[in-house]
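Enquirer: Per the working numbering, the very first residue in the sequence shown carries number 287; after that it's consecutive. The structure's right below; bear with me while I get my questions together.
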Amino acid sequence: MSSRNCQPIAANRQLQEPLMSEVKIVEVDEQLHAFTNMRPGTRMVAVQVPTDRAVTLHATVNARMLQRVQIWDAEGRMHFEWEGRGEQRTLGAGSRTFSNPPLLIGCQSLRVEHWIVNDINVCADSNDGQRRVLIRYEDGGDVPVDWDDTIVELTWAEPAA
């Protein structure tokens with residue numbers, strides 16, 4: 287994992303740097319709410335992944351609060367759902383070719399019987415023919431903020447030049 291410092295972006299803004307063109311933080315509207323369990327007005331990350339090769343996802347947790355990561359496609363099919371808590375442990379991992387991008391990634395924390403949506407910080411890079419999107423979540427339990435309560439990493443091979 288690189289030491290690149292991810293900077294937060296505002297909801298409904300697509301990142302302008304070329305490597306981030308396929309990543310967008312979106313606000314959940316009624317349409318997204320209809321096929322996800324994310325509440326309207328909360329935020330998710332949409333990632334435009336390739337449809338012709340496998341995408342690998344890996345989620346880690348470093349939090350006392352229970353964390354939940356859910357990954358849907360554009361047609362509302364949930365492909366992965368992982369929950370857990372602990373120090374530097376894997377929540378889940380998987381790899382598949384997705385036919386209906388973008389992937390919609392939601393992360394929540396259980397706080398006193400209610401799931402809350404975590405703050406989001408996103409970055410992307412490209413190295414040795416691999417694309418990587420790194421999504422860091424903060425559940426608000428750490429002062430100062432550390433952006434490592436939940437980390438979801440997506441990687442895929444770039445097309446040959």
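Glycine included, every Cβ here is placed at the ideal spot set by N, Cα and C.
Would you kindly check if the distance between the Cβ of Trp401 and the Cβ of Arg350 is under 8 Å?
Expert: The Cβ atoms of Arg350 and Trp401 do not sit closer than 8 Å to each other.
Enquirer: For the beta strand (DSSP E) containing Phe242, name the first residue and the last one.
Expert: Not covered by the structure: residue 242. The range shown for the chain is 287 to 447.
Enquirer: Tell me whether Gln334 sits in a helix, a strand or coil according to DSSP, three-state version.
Expert: Gln334 falls in the coil class under three-state DSSP.
Enquirer: Would you mind sorting Thr436 into buried or exposed? The rule is 16 or more other CB atoms within 10 Å of its CB.
Expert: buried
Enquirer: Determine the direct distance from the alpha carbon of Tyr423 to that of Asn404, and round the result to whole angstroms.
Expert: Taking the straight line joining both Cα atoms gives about 6 Å.
Enquirer: Where Leu318 and Pro387 are concerned, what is the direct C-alpha to C-alpha distance, given to the nearest angstrom?
Expert: 14 Å
Enquirer: For Ala446, name the three-state secondary structure that DSSP assigns.
Expert: In the structure shown, Ala446 sits in coil (DSSP, three-state: anything other than H, G, I, E or B).
Enquirer: Say whether the region 365-379 touches the region 339-348, bearing in mind that this needs 3 or more beta-carbon pairs closer than 8 Å, one atom from each stretch.
Expert: yes
Enquirer: Got a sec, what are the start and stop residues for the beta strand (DSSP E) Glu424 sits in?
Expert: Judged by DSSP secondary structure, Glu424 falls within the beta strand (DSSP E) whose first and last residues are Gln416 to Glu424.
Enquirer: Can you grab the Cα-Cα spacing for the pair Ala360 / Arg417, in whole Å?
Expert: 21 Å
Enquirer: Just list the residues that DSSP pairs Arg350 with in beta bridges.
Expert: According to DSSP, Arg350 bridges with nothing at all.
Enquirer: Could you give the DSSP three-state label for Ala360: helix, strand or coil?
Expert: coil
Enquirer: Considering Glu313, what are the terminal residues of the beta strand (DSSP E) in which it resides?
Expert: Val309 to Glu313
Enquirer: For Gln334, collect the residues of the same chain with a Cβ closer than 6 Å to its Cβ; drop the 5 residues on either side in sequence, then sort them by chain order.
Expert: The residues are Glu308, Pro387 and Pro388.
Enquirer: For Gln394, which residues in the same chain have their Cβ closer than 7 Å to its Cβ, ignoring the five residues on either side in sequence?
Expert: Arg354, Trp401, Ile402, Val403 and Asn404
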